[in-house]
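K.L.:
Under this note's numbering, the residues of the sequence shown are numbered 1 to 459, in order.
Before anything else, here's the structure in question.
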Amino acid sequence: MKKFIAMLLALAMVLSLAACGSKTDAPAETKAQTAAEKPAATEKAEEPAPAAEPVTLTWGSWVFAEDSVRPIYQEMADLYNETNEYNTTISTEYFYSYADYLSTLLIDVAGGNGPDVAHIKAEWLPQLLALGVVKPLDGYISADVLADYSQSAIDSVTVDGSMMALPWFSNTCALLVNTDLCEQAGVDYTAIASWDDLLAAAEKISALGSDIYGLAIPDSNGVEAGEGYNTFPALWARGGEFEKDGTILLTSDESVAAYTDLQNLFVKKISTAASANSLKELRNLFGAGKIGFYWDIESGIVTAASAAEDEAAYYARTQAMTIPGADAAGHGYLIAHELVVFDSCSDEKMGAMGHFLDFMSGADVIDILYRNGQGKMSSRSTVMAEVFKDCTAVKQEKGGYTYAYVKAMDSAKALPSANIHFQDADAMLTDMLTELAQGGDVAEILAKWQTQIQNEYNK
Numbered sequence: 001m002k003k004f005i006a007m008l009l010a011l012a013m014v015l016s017l018a019a020c021g022s023k024t025d026a027p028a029e030t031k032a033q034t035a036a037e038k039p040a041a042t043e044k045a046e047e048p049a050p051a052a053e054p055v056t057l058t059w060g061s062w063v064f065a066e067d068s069v070r071p072i073y074q075e076m077a078d079l080y081n082e083t084n085e086y087n088t089t090i091s092t093e094y095f096y097s098y099a100d101y102l103s104t105l106l107i108d109v110a111g112g113n114g115p116d117v118a119h120i121k122a123e124w125l126p127q128l129l130a131l132g133v134v135k136p137l138d139g140y141i142s143a144d145v146l147a148d149y150s151q152s153a154i155d156s157v158t159v160d161g162s163m164m165a166l167p168w169f170s171n172t173c174a175l176l177v178n179t180d181l182c183e184q185a186g187v188d189y190t191a192i193a194s195w196d197d198l199l200a201a202a203e204k205i206s207a208l209g210s211d212i213y214g215l216a217i218p219d220s221n222g223v224e225a226g227e228g229y230n231t232f233p234a235l236w237a238r239g240g241e242f243e244k245d246g247t248i249l250l251t252s253d254e255s256v257a258a259y260t261d262l263q264n265l266f267v268k269k270i271s272t273a274a275s276a277n278s279l280k281e282l283r284n285l286f287g288a289g290k291i292g293f294y295w296d297i298e299s300g301i302v303t304a305a306s307a308a309e310d311e312a313a314y315y316a317r318t319q320a321m322t323i324p325g326a327d328a329a330g331h332g333y334l335i336a337h338e339l340v341v342f343d344s345c346s347d348e349k350m351g352a353m354g355h356f357l358d359f360m361s362g363a364d365v366i367d368i369l370y371r372n373g374q375g376k377m378s379s380r381s382t383v384m385a386e387v388f389k390d391c392t393a394v395k396q397e398k399g400g401y402t403y404a405y406v407k408a409m410d411s412a413k414a415l416p417s418a419n420i421h422f423q424d425a426d427a428m429l430t431d432m433l434t435e436l437a438q439g440g441d442v443a444e445i446l447a448k449w450q451t452q453i454q455n456e457y458n459k
């Protein structure tokens, strides 16, 4: 990925030099200016006056390429288009599949051809910053909105004193349960109080048949990103952790124990076959009633339902709970999503952009996600209080799942994604998982990959 970034940096430099040769305008404000020369992130930007001329802002996201969720996100744009008083229209015609989105976005923004604002995952921000194409948001987000965020949320998008993205929402994984398989195997899933309890229950369920899996772990051999950090709930359950720079401690006793657990799941066929099943395929198997437990985001529940022979029966047998750790309250990982504005968005548009970003962080948008079972949580305190005030355990018993995800957020851990090496390390962990699944000495395999990952972080 860093070689790819280097190529894009070279491209961006060529394009920049070409632009310099064809223009005589005064140089634009540089990113090296001090914070004193820029509006502070906590200053209240003036409310933009209604535009004399129509303004169109292009919003890019991979979700617009997915038929199952596009209507949900389109509802946000439609609501803004219908209600804003600033003569602003949001276009949602920039999209690529999730697999192609980041690489295409990097190429497009390097050439000045990207959207005005893009939906990204937090771990992608360092790569965009490396290209020098991100527009600071200082002075454009209202003071009331900024004050509503947790300090950690603001800090996560602040670089050298400037706010470089808007924290949009976070979500985490919960453990999904096929209660029918639990009943058939004599497992009381409500009594699962630890990681060891979960492993024991999974083994009982897998004994129901050769095509039944107790606890499924995705491993597509790198076809889908994120399969490396998807193993972290197991790591944390055994007490594993990271170094301060984000490097995983693979050679610790805790890490060896965690990845031994995962190897056993594959070798004993308690999980689906290694190198053959992406998260998408696990959702299909769970929907078809072939998996007892696996962890996923809330929207995955709806996706899995499409593979069920009887959707009503599927929802009746599906429950959600916090992933267990050393005790009942284990740790999922936080998946943070952000909105980032690019330099190609003109200063004349930024007043309208600031208003749009305020709207996107607000209760109306998070409520759209909540109503559609997307399990997205805001970092804004008043938004969480307003949208989720009626989210209760009683609703979960009646077939709702959001309560389990709200509870899971209480113990979810942040990924060390601020480092530009994180994505490459995730790919290495995925390769390591595939190797572990084939058998072999766990400690030796972890030691080998520890060296490679550390070398990556040392570059």
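For every residue, glycine included, the Cβ atom is placed at its ideal position computed from N, Cα and C.
In three-state terms, what does DSSP make of I335?
P.N.:
In this structure, I335 counts as strand in the three-state DSSP scheme.
K.L.:
Express the C-alpha separation of T451 and Y370 in angstroms, rounding to a whole number.
P.N.:
Y370 and T451: Cα-Cα distance of roughly 42 Å.
K.L.:
Could you tell me the distance, in whole angstroms, from the CA atom of E298 to the CA atom of Y405?
P.N.:
Those two C-alpha atoms are separated by around 7 Å.
K.L.:
Which class does G373 belong to by DSSP, given the choice of helix, strand or coil?
P.N.:
DSSP places G373 in coil when its eight states are reduced to three.
K.L.:
Using a C-beta cutoff of 7 Å, does R317 count as contacting chain D?
P.N.:
Absence of chain D from the displayed structure is noted, only one protein chain being present.
K.L.:
Quick check on the DSSP output: the beta strand (DSSP E) that includes Q319 runs from which residue to which?
P.N.:
Where Q319 is concerned, the enclosing beta strand (DSSP E) stretches over 318–321.
K.L.:
Report yes or no: do the stretch 104–122 and the stretch 55–62 share at least 3 C-beta pairs separated by less than 8 Å?
P.N.:
Cβ pair count under 8 Å is three or more, so yes.
K.L.:
To which residues of the same chain is P39 closer than 6 Å at the C-beta, ignoring the five residues directly before and after it?
P.N.:
Low local confidence applies: a pLDDT of 38 at P39 is under 50, so the model's placement there is unreliable, with the coordinate-based value given in what follows. Excluding sequence neighbours, P39 sits near D138, G139.
K.L.:
Determine the burial state of S378: buried for a count of at least 16 other Cβ atoms within 10 Å of its Cβ, exposed for fewer.
P.N.:
The residue in question, S378, is buried, as its Cβ has 16 or more Cβ neighbours within 10 Å.
K.L.:
Please name the residue or residues paired with K121 in a DSSP beta bridge.
P.N.:
BP columns for K121 point to H337.
K.L.:
S306: buried (16+ other C-beta within 10 angstroms of its C-beta) or exposed?
P.N.:
It is exposed - the Cβ of S306 has fewer than 16 other Cβ atoms within 10 Å.
K.L.:
Is it buried or exposed for P324, if we count other Cβ within 10 angstroms and need 16 for buried?
P.N.:
Answer is buried; the Cβ neighbour count reaches 16.
K.L.:
For T272, which residues of its own chain have a beta-carbon under 6 Å away from its beta-carbon, when the five flanking residues on both sides are left out?
P.N.:
Excluding residues within five positions, the ones whose Cβ falls inside 6 Å are Y213, A216.
K.L.:
Under three-state DSSP, which class holds L265?
P.N.:
Looking at L265 - three-state DSSP - the assignment turns out to be helix.
K.L.:
If you run the structure through DSSP and keep just helix, strand and coil, what is L208?
P.N.:
It is coil, neither helix nor strand.
K.L.:
Does P324 come out as helix, strand or coil in the three-state DSSP assignment?
P.N.:
Coil, per DSSP.
K.L.:
Could you say if the stretch 223–237 and the stretch 253–264 meet the contact criterion of at least three C-beta pairs nearer than 8 Å?
P.N.:
Yes, they touch.
K.L.:
I need the straight-line Cα distance from D211 to A304, nearest angstrom please.
P.N.:
Between D211 and A304, the C-alpha separation is close to 17 Å.
K.L.:
From the DSSP output, which residues share a beta bridge with V55?
P.N.:
Partner(s): T88.
K.L.:
With a cut-off of 8 Å on the beta carbons, I'd call Y229 and L433 a contact; round off their distance for me.
P.N.:
Wrong, their Cβ atoms sit about 11 Å apart, outside the cutoff.
K.L.:
Taking contact to mean at least 3 C-beta pairs separated by less than 8 Å, is the stretch 335–344 in contact with the stretch 193–201?
P.N.:
The stretch 335–344 is not in contact with the stretch 193–201.
K.L.:
From the DSSP output, which residues share a beta bridge with A511?
P.N.:
Because residue 511 is not part of the residues shown, which for the chain are 1 to 459, the question remains open.
K.L.:
In the DSSP assignment, the alpha helix (DSSP H) including G300 goes from what residue to what residue?
P.N.:
299–305 is the extent of the alpha helix (DSSP H) around G300.
K.L.:
Are the CB atoms of E456 and D424 nearer to each other than 7 Å?
P.N.:
Taking 7 Å as the Cβ cut-off, E456 and D424 qualify as a contacting pair.
K.L.:
If you run the structure through DSSP and keep just helix, strand and coil, what is T113?
P.N.:
In the sequence on display, residue 113 carries Asn and not Thr. Three-state DSSP puts N113 in coil, outside helix and strand.
K.L.:
Report the residue ranges of all beta strand (DSSP E) runs contained in full by the stretch 132–182; include only those spanning at least 3 residues, in chain order.
P.N.:
As far as the stretch 132–182 is concerned, its whole beta strand (DSSP E) runs of at least 3 residues are 166–171, 174–178.
K.L.:
For A130, tell me which candidate among V109, Y96, A147, S150 has the shortest Cα-Cα distance.
P.N.:
Comparing Cα positions, the closest option is V109.
K.L.:
Along the alpha helix (DSSP H) that carries Y213, what are the first and last residues, could you check?
P.N.:
Run containing Y213: none in the alpha helix (DSSP H); it sits in the beta strand (DSSP E), 213–215.
K.L.:
Give me, in chain order, the residues of the same chain whose beta-carbon lies closer than 6 Å to that of V387; leave out the 5 immediate sequence neighbours on both sides.
P.N.:
Counting only Cβ-Cβ distances below 6 Å, and skipping sequence neighbours, we find A363, I366, D367, Y370.
K.L.:
Quick check on DSSP: helix, strand or coil for M13?
P.N.:
The predicted position of M13 is uncertain, since its pLDDT is 44 and thus under 50; no value can be drawn from it.
K.L.:
DSSP has I291 in a bridge; who is on the other side?
P.N.:
DSSP lists Y213 as partners of I291.
K.L.:
Work out the CA separation of G240 and V133 for me, nearest whole Å.
P.N.:
Cα to Cα, V133 sits roughly 36 Å from G240.
K.L.:
Provide the residue(s) that pair with G60 in DSSP beta bridges, ordered along the chain.
P.N.:
Paired residue(s): Y94, A118.
K.L.:
Should T172 go down as buried or exposed, given a rule of 16 or more other Cβ atoms within 10 Å for buried?
P.N.:
Looking at its Cβ environment, which holds 16 or more other Cβ atoms inside 10 Å, T172 is buried.
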